[in-house]
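What follows is a single structure, written as structure tokens, with notes after it.
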Amino acid sequence: MRVRREKLARLQELEVNPYPYSFTRTHLSADIFQNAEQMMEKTVAIAGRLMSVRGHGKVGFGHVMDPQGRIQIYVRKDEIGDENFEVFKLIDIGDIVGVTGEVFVTRTGETTVKAQRVELLSKTLRPLPIVKEKQEGDDRVVYDQFADKELRYRQRYVDLIVNPEVRDVFVTRSRIISNMRRFLDDQGFLEVETPVLQPIYGGASARPFVTHHNALDFEFYLRIADELYLKRLIVGGYDGVYEISKDFRNEGMDRFHNPEFTMMEVYVAYEDYQFMMTLVENMVSSLAQEIFGQKIVTHQGREIDLTPPWKRVPLFEAIKQCTGKDLYGKNLDELRSAAKELDIELESFWREGKIIDEIFSAKVEPELIQPTFITDYPVELSPLAKRHRDDPRLVERFEPFIVGGEIGNAFSELNDPIDQRERFLAQQKLLELGDDEAQMLDEDFLRALEYGMPPTAGLGIGIDRLVMLFTDQPSIRDVLLFPAMRPEKSEGKI
RNA sequence: GAGGGUAUAGCUCAGCCGGUAGAGCAGCGGCCUUUUAAGCCGUUGGCCGAAGGUUCGAAUCCUUCUACCCUCACCA
């Protein structure tokens, strides 16, 4: 860095501003490559980060990276003049440059810009981790890749500069979200925004973050889900609403969980969970179609076929298929002994629903590779879902599973205010029994239901997990630009 | 929360049974007017993650701590 500062001083002696205000770019690299023949001998102005330099005395080559790729530049002292060549020699790898010149093809056949002028657009003070690469056929061979995960996550900006495949992941992420938004808009649903700071958290089973509001002198919770507010809007008369937003859950972190994560929730009046299953399989498969041009994605070496319709299997049926045990209607003792036979450890305060869920997670989930809807959950697991029309011990609920993981959760929404109150009261008992993830009773939400909510189908989709599936990433940290990390020592303290 | 792994130059890494720190790339100084992991010559660069201990002597052995990664558990 000392050397870079000296270069800054020398640039200033040459009356070069190392941080000028703008540069007019006429072409991106891909524009030039796509029409290489028409572009020959045309003058272009390109801009980007200088990623490599190969000096040859009075000549130099380098590659400039812009949002579409890398293009080679060729700098001759006799073309750009002595003074400009001095500036060129003071430019380091990593600096942002603008190059004006003519397009031509080198002896080795690479389309290149022959500089008439090289401008420094921003001087870097820190050296970039240099990544050298070579093209071998279609393969890009990278040498000494910037690979330290901690550094990559903490300094994502460097990761993005140096690792183009990381950049691609986040482009795909953005396209997934914008396509999903378009899909939902096309259905006529209204995108809304509901509070992040909530006096009562609800809509999911999880521990919340707590924060203090000074003016109101009140402890708010960061939302763990959007559900209860969106359903208030269905009560309010919007027939279809959705929200794409961050939720916050104060739980452990691993490759599937980050304390803040992105959720899409949608609620549709006059529909039920069957409608929602169709919506999910249509939405996810059409996303794949838009992004990959086909309904098949490859994840961790496995081909996943997203073509509708997806398999639909009731929960107890799935457990029976995987374990040979029919748990339907079994009492607490029978479930405990079944779990024991399957080598599943239980907490003392767990009730029937929780034990069933545990057995399902351990024995069935890992088997659900191709897209599958698991349907019809026990009522005590789902305090916000409507009872099954054929069986009051179940609810009309489903979760879509792909590659052994759930990517969402949906149900026919409970709109009976009396039943809803009873379910909340049952949750309160769980709270008292020590289940710190049981849901809170939300009196205002009940009041809303008492005003009448139409039959409604609701759905939540975990965007991050969907992005993991689509971008073939094994960890949620690889689909979050800035995953949660313990702060560096110098950070976070005043 | 349990177990395992990693931490050495800006980056990627080597460093054996303890003997005082090494390579490639980057950087810096040269040479080179079509190179592309450019090349050639020269050269700078390190509190060996932190703290303690054993020892005449520790990057290396031991203990503790910190951060990150992986697996499991928790968490839908």
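Numbering (this note's numbering), first residue to last: 11 to 504. C-beta: ideal position from N, C-alpha, C; glycine also.
An exposed status is given to Ser371, since fewer than 16 other beta-carbon atoms sit within 10 Å of its beta-carbon. Excluding the 5 residues flanking it on each side, Pro393 has same chain C-beta neighbours closer than 6 Å at Arg433, Gln437 and Gln449, in chain order.
For Gln82, the enclosing beta strand (DSSP E) stretches over residues Gly79 to Arg86.
Linking Glu377 to Val323 through their CA atoms gives a straight-line distance of about 13 Å. Annotated three-state conformation of Tyr248 is coil, per DSSP. Nearest Cα to Leu194 within the set Gln145, Phe383, Arg183 and Val276: Val276. In the three-state reduction of the DSSP assignment, Asp149 falls in the strand class. Remark: C-beta atoms of Ile140 and Arg59 do not approach each other more closely than 8 Å. Judged by DSSP in its simplified three-state form, Gly339 adopts coil rather than helix or strand.
Under the three-state reduction of DSSP, Lys52 is assigned to coil, being neither helix nor strand.
Each of Val251, Ile83 and Lys335 was checked against the Cα of Thr116, and the nearest Cα belongs to Ile83. Rounded to the nearest angstrom, the gap between the Cα atoms of Ala279 and Asp452 is 21 Å.
Nearest to Tyr461 by C-alpha distance, out of Met190, Phe43, Tyr211 and Val245, is Val245. DSSP places Phe114 in the uninterrupted beta strand (DSSP E) bounded by Ile106 to Val115. Rounded to whole angstroms, the separation of the alpha carbons of Gly213 and Glu281 is 19 Å. DSSP places Ala46 within a helical segment (H, G or I) once states are collapsed to three. The residue from Gly414, Gly363 and Gly111 with its alpha-carbon nearest to that of Val389 is Gly363.
When secondary structure is reduced to three states using DSSP, Glu409 falls in the strand class.
Inclusion of Leu469 and Ile186 in the CB contact set at 8 Å is not warranted, their separation being larger than that value. The three-state secondary structure of Met450, taken from DSSP, is coil. In this structure the region 400-412 does not lie against the region 220-234, because fewer than three pairs of beta carbons, one per stretch, are closer than 8 Å. Per DSSP, Pro174 is one residue of the alpha helix (DSSP H) stretching across Pro174 to Asp196.
According to DSSP, residue pairing for Asn419 in a beta bridge involves Gly470. In this structure, Thr204 and Glu253 form a Cβ contact; the two beta carbons are roughly 6 Å apart against a cut-off of 8 Å. Going by DSSP, Tyr231 is part of the beta strand (DSSP E) stretching over Phe228 to Leu232.
Per the Cβ contact rule, the region 285-292 is not in contact with the region 344-353 (fewer than 3 Cβ pairs under 8 Å).
Counting only runs of 3+ residues, the beta strand (DSSP E) found wholly inside the region 344-389 occupies 382-388, in chain order. Under the three-pair Cβ rule at 8 Å, the region 159-166 does not count as touching the region 118-126. When the Cα atoms are used, Pro484 and Ile90 turn out to be separated by approximately 48 Å.
Here Lys241 really is in contact with Met463; their C-beta atoms are around 6 Å apart, less than 8 Å. Beta-bridge partners of Asp76 (DSSP): Gly79.
According to DSSP, residue pairing for Asp264 in a beta bridge involves His267.
Segment contact: the region 98-110 against the region 46-57, three or more CB-CB distances shorter than 8 Å; contact assigned. Rounded to whole angstroms, the gap between the alpha carbons of Thr466 and Leu424 is 8 Å.
In the three-state DSSP reduction, Met495 falls in the coil class, being neither helix nor strand. Annotated three-state conformation of Arg259 is coil, per DSSP.
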